[in-house]
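In case it helps, full-length UniProt numbering puts the sequence shown at residues 1 to 335.
First up is the structure itself, then whatever we jot down about it.
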Amino acid sequence: MTLRSQYLYFGVLALGFLVVSFSCHYSKPIEFDASESQPQDRSVIYPWTGDPDCQHFPVQFAENKTRPKWALTSFPGSGVTWTRQLMEGVTGIYTGTVYGAGEPPIVSTGGNFISFHFCLMARYHGNEADFNCNCTILIKDHDGTEVDNLPVYLEGTSNSSMNALRRENYQHRGILLLRNPIDALFSFCHYLMAERNQLGAVSPVFFKGPAWNNYVNYVTYAWADHAIRWIQNIQNGTVIFYEKLLLEDTEAELNRLLSAINFIDPPVDPDRMRCTLKHKNRTDRKRLKKPTVPLTAEQHSKMMASIERVQERLRQKGWPLLPLHLYTNLQKQQY
Numbered sequence: 001m002t003l004r005s006q007y008l009y010f011g012v013l014a015l016g017f018l019v020v021s022f023s024c025h026y027s028k029p030i031e032f033d034a035s036e037s038q039p040q041d042r043s044v045i046y047p048w049t050g051d052p053d054c055q056h057f058p059v060q061f062a063e064n065k066t067r068p069k070w071a072l073t074s075f076p077g078s079g080v081t082w083t084r085q086l087m088e089g090v091t092g093i094y095t096g097t098v099y100g101a102g103e104p105p106i107v108s109t110g111g112n113f114i115s116f117h118f119c120l121m122a123r124y125h126g127n128e129a130d131f132n133c134n135c136t137i138l139i140k141d142h143d144g145t146e147v148d149n150l151p152v153y154l155e156g157t158s159n160s161s162m163n164a165l166r167r168e169n170y171q172h173r174g175i176l177l178l179r180n181p182i183d184a185l186f187s188f189c190h191y192l193m194a195e196r197n198q199l200g201a202v203s204p205v206f207f208k209g210p211a212w213n214n215y216v217n218y219v220t221y222a223w224a225d226h227a228i229r230w231i232q233n234i235q236n237g238t239v240i241f242y243e244k245l246l247l248e249d250t251e252a253e254l255n256r257l258l259s260a261i262n263f264i265d266p267p268v269d270p271d272r273m274r275c276t277l278k279h280k281n282r283t284d285r286k287r288l289k290k291p292t293v294p295l296t297a298e299q300h301s302k303m304m305a306s307i308e309r310v311q312e313r314l315r316q317k318g319w320p321l322l323p324l325h326l327y328t329n330l331q332k333q334q335y
């Protein structure tokens, strides 16, 4: 029994205060085909409305067939929505998603709340982009990790023809976004247990028992497996670290990402970069509370082994290494 199914009934009773979205969730990944269509509605948004210094900067689609497909791939809970916000801000070009229009918007234009009606009415043009329009700056793709248990993950990733098709569609271009897997573990669990509500949170009482242990084992395996598969697959691109974007030098990490996707000529507008950095801590799509619990000694040991597997593959690739000095909870485990 999966983590979500075992606790669903108890969660409904104990956590009725949560505002649950019935329409904001991951859809199935869109089917790849030879279509050359692009979104019919090429509407522009202004992500910094209300800021007199920044509100004039738009985000819109690039011209059809002018941008190569670049995967932005990560394990769920690794900050991909926030990274999309940053990239759209600094480039002025929408990011896309393999999950289509059913994906929640990455910017809340109707206020800092989630409701049933808001999710039904919300539209985010980047999410509506056809995979083959070549009109977005990056394309979000969790690559099969958006499940909650190991058997389903292994079944999905064992489809070699599907995986080959994905590589061919991106032509081995990708940005791998990595976050401390312990943080990603809890962030993704809150999302799953709150009925796939991006802002939802649940009580720590859920974080125990056999279902929880199975979920931890799944994340421990899939986080490393996903990262290693993309480290091997990417020929053009790089790895980006959530913690460096958040805690060290956001501008330097963004510039490294922009350089990796060859978005350097013409250079980024310095005023756009300034506005992106000014608004980088917007909270409209962030979970403000995220209770956690210490991992057991066995769980922590497995997680450390996964971290070392990924670190070694990064080292072999010649890519930047995981910023372990920023993984504070590795030193804060209490057994």
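Ideal placement from N, C-alpha and C gives every residue a C-beta, glycine not left out.
No experiment lies behind these values; they were computed from the predicted model shown.
Pairing residue 317 with residue 204, the inter-Cα distance amounts to about 38 Å. Under the three-state reduction of DSSP, residue 145 is assigned to coil, being neither helix nor strand. Assignment of beta strand (DSSP E) within the region 35-91, counting only whole runs of 3 or more residues, yields 71-74 in chain order. Restricted to the region 276-311, not a single alpha helix (DSSP H) segment is unbroken, complete and at least 4 residues in length. Between the alpha carbons of residue 128 and residue 45 lies a gap of roughly 14 Å.
Sixteen is the threshold: when 16 or more other Cβ atoms of the shown chains lie within 10 Å of the Cβ of residue 85, as they do, the residue is buried. Cβ neighbours of residue 222 within its own chain (closer than 6 Å, five residues either side excluded): 145 and 153.
Sequence-distant Cβ neighbours of residue 280 in its own chain, meaning closer than 7 Å and more than five residues away, are 86 and 250.
As computed with DSSP, residue 127 is found in no beta bridge at all.
In the same chain as residue 187, and ignoring 5 residues on each side of it, the C-beta atoms closer than 6 Å to its own belong to 77, in chain order. A distance below 8 Å separates the beta carbons of residue 74 and residue 142.
Here residue 59 is not near residue 96, since their CB atoms are 8 Å or more apart. Residue 240 carries a strand assignment under DSSP once its states are collapsed to helix, strand and coil.
For residue 181, same chain residues with a beta-carbon under 8 Å away, outside a window of 5 residues either side, are 75, 219, 220, 223, 224, 303, 306 and 307 in chain order. Residue 230 and residue 315 have their C-alpha atoms some 14 Å from each other.
Rounded to the nearest angstrom, the gap between the Cα atoms of residue 82 and residue 297 is 31 Å.
For the 8 Å CB-CB criterion, residue 213 and residue 150 do not form a contact. In the DSSP annotation of this structure, residue 261 is not part of any beta strand (DSSP E), being labelled neither H nor E.
Shown here, residue 106 sits in coil according to DSSP, grouped into three states, outside any helix or strand. Across the set 104, 227 and 158, the C-alpha of 227 shows the shortest separation from the C-alpha of residue 239. Separation of the CB atoms of residue 245 and residue 139 is rounded to 19 Å, and the pair is thereby denied contact status at 8 Å. Looking at the backbone, the Cα of residue 99 and that of residue 124 are separated by about 12 Å.
A distance below 8 Å separates the beta carbons of residue 67 and residue 137. In the structure shown, residue 179 adopts coil according to DSSP, grouped into three states.
Contact between residue 61 and residue 272 fails: their C-beta atoms lie close to 17 Å from each other, not under 8 Å.
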